[in-house]
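*Asks:*
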Amino acid sequence: MKLFKITQIVGLLSVALAIVAEDANADTFRYREGGAWQDISDGTTPGWRLNDGTVVADVPGLGDEARINWAVQTVTLDYEAPEINRLLIGVDEGGVLEVNSGGKLTLIEDLVVGNNGFVDATMDVNNGAVVDVGRILWLARGPNIGDTLAFFNINEGGVVNVASHLWWGSTGEAVVEISGTLNQTGGILGLGSQDFSVFGGTATVNVRSGGEFNLNNIHGGGTQLSIQSGSKIDIFGSGQVTIKGDQVGSVNGYVDAGLITGEGVQGNIDVSLTSGSVSGDFNEDGVVDAADYTVYRDNVGGLNGLPNDDGLGVVGQLHYDLWETNYGAEGEQLTVVTVAPAAALAVPEPGSLAIVGGMLVVGSLRARRHSVANRV
């Protein structure tokens, strides 16, 4: 027993020493100009080097911080890059990152798009690309109100997974386009705030047709509003927002306030509460119970299997075993937010259509701001 404990202690010490050594060896990288993620700069060519200009032999790795901030130039990633500690896009100078098909970016801690310096920062996650964020996804933060302008685009087929908070537009302006998928598995949503203690910016989230904005949680009232005044979520076509648990009341509050809209129209939203799937729930009612046994019994020998049968194929003993094992299990409740069905919308009078048509204006293009610092 004593030997076992000593072995455990030695193992823990080894892990701790490895972490300390990793931190000691961590560097801050900066991409010179624009180009492919895998490129290394010789000091004059495009590619990675240290922030102080020191030439390196490899791309950023475990424990390192990477910065993309060279005169708004673009870096592209189309392979699985080594894990890094965190990435900052837009630090004193603007920058752009495109993660393309085959590209995978894994961050142990934070992703920051629009850090400081009154600059523009953009990140595109394109079809076939995956970005995993181990902690917080920050958009448009900074020490000053109106500091940065952040564009974050998840295009169709792109996937972003975030393990903690979404602090978007706390002091700057964040514009988010979701045609792909964003999955948040922990933390809270904050549009126009940081930790509900820093305010002054805005965030606009457009969930386009086919897009999925899957949230872990939201706050619905008091001083900790997940969607601050001036920020909003707008859902289009078949796009949807999902939130774990029963958040119908909170969502309806934001809908009534015009902070969650459907295709730009206040009230054009449908909010429903569903139960997630669970293995053995053959009648898809969100719980494994006696009714599912009846479905199993009535379909024994069926060639096409049953719903939520984990792909067991022909209905038989394995289906019974699955039902028995999961008896009593319930699917997790999920709040689903979509554009309201067309039939639910009021039909306006012809005269009102003419009035609305006369009120339409052409939106002005937002001017981008650039801040270019002296470079080494």
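Numbering (our numbering), first residue to last: 775 to 1150.
Where is the CB? At the ideal position from N, CA and C, for every residue including glycine.
1. Just the C-alpha distance for N935 and A1064, rounded to the nearest angstrom, thanks.
2. According to the Cβ coordinates, are V899 and N927 closer than 8 Å?
3. Quick check on R915: does DSSP put it in helix, strand or coil?
4. Hey, out of T1068, G1105, T922 and G902, whose CA is closest to E854's CA?
5. Kindly give me the distance between the Cβ atoms of R823 and V833, rounded to whole angstroms, as I take these residues to be in contact under 8 Å.
6. Give the straight-line distance between the Cα atoms of F973 and D1055, rounded to the nearest whole angstrom.
7. State the DSSP-derived secondary structure class of Q1091, mapped to helix, strand or coil.
8. Can you tell me the Cα-Cα spacing of T997 and K878, whole angstroms?
9. Is it the case that the Cβ atoms of N859 and I882 are separated by a distance below 8 Å?
10. How far does the alpha helix (DSSP H) with R1064 in it extend, from its first residue to its last?
11. Roughly how many angstroms lie between the CA atoms of L923 and G966, to the nearest whole one?
12. Please state the DSSP three-state secondary structure of A1116.
13. Mapping the DSSP letters down to three states, classify N890 as helix, strand or coil.
14. For V1062, which option in E1037, E1098, G1041 and G1085 has the closest C-alpha, if you only look at C-alpha atoms?
15. Among the candidates E947, L1047, G817 and N1057, whose CA atom is the shortest distance from the CA of V1111?
16. Closest to G1041 by CA distance: which of S1053, V1052, S1051 and G1027 is it?
17. Considering only their Cβ atoms, is the gap separating M897 from I862 smaller than 8 Å?
18. For G1023 and T1109, I'd like the C-alpha separation in whole angstroms.
19. I believe V1113 touches E1037 by the beta-carbon criterion, under 8 Å. Please report the beta-carbon distance rounded to the nearest angstrom.
20. Could you check what DSSP says for Y1028 in three-state terms: helix, strand or coil?
*Replies:* Taking the coordinates as given:
1. Here residue 935 refers to the residue found at position 161 of the sequence shown. Here residue 1064 refers to the residue found at position 290 of the sequence shown. Those two C-alpha atoms are separated by around 36 Å.
2. Taking the first residue of the sequence shown as 1, we reach residue 899 at position 125. Taking the first residue of the sequence shown as 1, we reach residue 927 at position 153. Taking 8 Å as the Cβ cut-off, V899 and N927 qualify as a contacting pair.
3. Your numbering for residue 915 matches position 141 in the sequence shown. Reduced to three states, the DSSP call for R915 is coil.
4. Here the question's residue 854 lines up with position 80 in the sequence shown. Ranking the options by Cα distance to E854, first place goes to G902.
5. Counted from its first residue, the sequence shown places residue 823 at position 49. Counted from its first residue, the sequence shown places residue 833 at position 59. Not a contact, Cβ separation roughly 11 Å.
6. Numbered from its first residue, the sequence shown carries residue 973 at position 199. Numbered from its first residue, the sequence shown carries residue 1055 at position 281. Approximately 45 Å, taken between the alpha carbons.
7. Position 317 of the sequence shown holds residue 1091. Residue state, collapsed to three classes: helix.
8. Start at 1 with the first residue of the sequence shown, and residue 997 comes out as number 223. Start at 1 with the first residue of the sequence shown, and residue 878 comes out as number 104. Their Cα atoms are separated by approximately 37 Å.
9. By 1-based counting over the sequence shown, the position of residue 859 is 85. By 1-based counting over the sequence shown, the position of residue 882 is 108. For N859 and I882, yes; Cβs fall inside 8 Å.
10. Here residue 1064 refers to the residue found at position 290 when the sequence shown is read from its first residue. Before going further, note that residue 1064 is Ala rather than Arg in the sequence given. First-last of the alpha helix (DSSP H) with A1064: A1064 to D1072.
11. Position 149 of the sequence shown holds residue 923. Position 192 of the sequence shown holds residue 966. Roughly 13 Å separates the two Cα atoms.
12. What you label residue 1116 is simply residue 342 of the sequence shown in a count that begins at 1. Helix at A1116.
13. Taking the first residue of the sequence shown as 1, we reach residue 890 at position 116. The answer is strand: DSSP assigns N890 an E or B state.
14. As a working note, residue 1062 is residue 288 in the sequence shown. When each option's Cα is compared against that of V1062, the closest is E1098.
15. For this step, residue 1111 is matched to residue 337 along the sequence shown. Answer by Cα proximity: L1047.
16. Taking the sequence shown and counting its residues from 1, the one referred to as residue 1041 is at position 267. For the residues S1053, V1052, S1051 and G1027, the minimum Cα distance to G1041 belongs to G1027.
17. Within the sequence shown, numbered from 1, the residue matching residue 862 stands at position 88. Within the sequence shown, numbered from 1, the residue matching residue 897 stands at position 123. For the sequence presented, residue 862 should be read as Leu rather than Ile. No, these two residues do not count as a Cβ contact at 8 Å.
18. For the purposes of this step, residue 1023 is taken as the residue at position 249 of the sequence shown. For the purposes of this step, residue 1109 is taken as the residue at position 335 of the sequence shown. C-alpha separation (whole angstroms): 10 Å.
19. Counted from its first residue, the sequence shown places residue 1113 at position 339. Counted from its first residue, the sequence shown places residue 1037 at position 263. Between E1037 and V1113 the Cβ distance is about 6 Å, and since that is below 8 Å, they are a contact.
20. What you label residue 1028 is simply residue 254 of the sequence shown in a count that begins at 1. The answer is helix: DSSP assigns Y1028 an H, G or I state.
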